[in-house]
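A short worksheet on the structure shown next.
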Ligand code: SF4
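Numbering (UniProt numbering), first residue to last: 1 to 109.
And the structure:
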């Protein structure tokens with residue numbers, strides 16, 4: 001088959017399912033901070049740990065040792081930092097620890 005025979009078959013001009021919609025007609029996907037100006041999104045995250053829920057598993061201290069520790073007596077969570085820059089490796093680790101805590105004792109946000 002000559003190359004010219006293929007012209008127009010795979011030229012990327014296939015209309016998509018919403019080709020007839022103007023860009024402004026396509027519904028926007030709201031994010032967690034929809035409606036907030038960029039300056040309204042806090043630059044810092046608050047970190048909280050509820051020692052009354054903590055069962056001393058140590059997942060938080062293992063996952064985010066810069067943010068969480070455990071006390072010597074009972075092994076309960078100790079917060080080393082209560083605020084973290086939103087976009088930082090420590091914030092990422094703290095969020096991961098929040099998800100791993102078996103007692104749901106950690107809140108990051
Ligand atoms: S992961 Fe949860 S239960 Fe385990 S020590 Fe940390 S706060 Fe306590």
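Glycine included, C-beta positions come from ideal geometry on N, C-alpha and C.
All values derive from a computational prediction rather than experimental measurement.
For residue 97, which three-state DSSP category applies?
Taking the chain shown and counting its residues from 1, one reaches residue 97 at position 97. Reduced to three states, the DSSP call for residue 97 is helix.
What are the partner residues of residue 55, as DSSP defines its beta bridges?
Residue numbering aside, residue 55 sits at position 55 when the chain shown is read from its first letter. Answer is none; residue 55 lacks a bridge partner.
Inter-residue CB distance, residue 84 and residue 44 (contact presumed, cutoff 8 Å)
Residue numbering aside, residue 84 sits at position 84 when the chain shown is read from its first letter. Residue numbering aside, residue 44 sits at position 44 when the chain shown is read from its first letter. The Cβ separation is near 7 Å, so the contact holds.
Measuring CB to CB, does residue 154 end up less than 8 Å from residue 77?
For residue 154 there is no data in the structure shown, the boundaries of the chain being 1 and 109.
C-alpha gap between residue 91 and residue 40, whole angstroms:
Taking the first residue of the chain shown as 1, we reach residue 91 at position 91. Taking the first residue of the chain shown as 1, we reach residue 40 at position 40. Taken atom to atom, the span from the alpha-carbon of residue 91 to that of residue 40 is near 19 Å.
C-alpha gap between residue 88 and residue 101, whole angstroms:
Along the chain shown, one-based indexing puts residue 88 at 88. Along the chain shown, one-based indexing puts residue 101 at 101. Cα atoms of residue 88 and residue 101: separation of roughly 20 Å, rounded to the nearest angstrom.
Where does residue 63 land, buried or exposed, given buried means 16+ other C-beta within 10 angstroms?
One-based indexing of the chain shown puts residue 63 at position 63. Under this definition residue 63 is a buried residue.
Under a Cβ-count criterion, where at least 16 other Cβ atoms within 10 Å of its own Cβ denotes burial, should residue 74 be classed as buried or exposed?
In the chain shown, the residue the question calls residue 74 occupies position 74. A residue is called buried once 16 or more other Cβ atoms fall within 10 Å of its Cβ, and residue 74, having fewer, is exposed.
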